[in-house]
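**Q**
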């Protein structure tokens, strides 16, 4: 999938998006008790911080990051094992690292309106970016149809930022992320965005 295309995404029977560049991370496990995802969590990531276009994200998710290559890696990422289901690059290119049927390691300690361990029931989407940099139009043009496809395939009922489910610990996707734009482009009703529209929040479904 390249930047700015209007193509819709399709999710196969094993939880992989056919149009994504697939890079299988070893950092995943089965969802507990066969749980199906009901939540999408939006993040941002850049490695090194505030630098875009390198291999750091892929190397981190595939456990091949050279932590001697940058002081930040040495200080913060040595022996870290994490993953997300998807990464959307600055040009809108879509990468998938973990099947959506499996539990990726993206949210950490987290709580969604009383439900803890959000990794158990969520899909993590990382946007290549930072808290200090606006996201690209091409990233929204990939994110919206991806969210539509996932919502249809998995009966997703809510979206949240990492900061919403881990307040005080995380800040992403940050102040530049345009939640109203995502809602408009994905054509989803207010209850899908409980932090944007608190009064419309639907009951939480386990």
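Residue numbers (the numbering used here): 18 to 223.
Even for Gly, the Cβ is constructed at its ideal location relative to N, Cα and C.
1. Roughly how many whole angstroms lie between the Cα atoms of residue 23 and residue 202?
2. Which same chain residues, not among the five before or five after residue 46, have their C-beta less than 6 Å away from its C-beta?
3. Below 8 Å, can you find three or more Cβ-Cβ pairs linking the segment 45-60 to the segment 128-142?
4. On the CB-based measure, 16 or more other CB atoms within 10 Å of its CB, does residue 83 come out buried or exposed?
5. Does DSSP put residue 36 in a helix, a strand or coil?
6. May I ask you to verify whether the segment 78-95 touches the segment 145-155, counting CB pairs closer than 8 Å and requiring at least 3?
7. In the DSSP assignment, find the unbroken beta strand (DSSP E) run with residue 152 in it and report its ends.
8. Which runs of the beta strand (DSSP E) at least 3 residues long sit entirely within the segment 72-114? Give them in chain order.
9. With 16 other CB atoms within 10 Å as the buried threshold, where does residue 115 fall?
10. Using CA atoms only, rank isn't needed, just tell me which of 98, 35, 207 and 74 is closest to residue 147.
11. Report yes if the C-beta distance between residue 127 and residue 62 is below 7 Å; otherwise report no.
12. By a C-beta neighbour count over all protein chains shown, 10 Å radius and 16 as the cutoff for buried, is residue 133 buried or exposed?
13. Kindly list the residues whose CB is nearer than 7 Å to the CB of residue 69, restricted to its own chain and excluding five residues on each side of it in sequence; keep chain order.
14. Residues in its own chain within less than 6 Å of residue 211 by CB, not counting five upstream and five downstream?
15. Between residue 59 and the rest of its own chain, which residues show a CB-CB distance below 6 Å, the 5 nearest in sequence each way excluded?
**A** The structure says:
1. Note that residue 23 scores 46 on pLDDT, short of 50, meaning its location in the model is unreliable; the coordinates nonetheless yield the value given after this. Roughly 11 Å separates the two Cα atoms.
2. 120
3. yes
4. exposed
5. coil
6. The way I'd put it, the segment 78-95 doesn't touch the segment 145-155; fewer than three beta-carbon pairs between them come closer than 8 Å.
7. Segment: none, residue 152 is in no beta strand (DSSP E) and carries neither H nor E.
8. 103-105 and 111-113
9. buried
10. 74
11. no
12. exposed
13. 63, 107 and 145
14. 175 and 218
15. 142, 178 and 190
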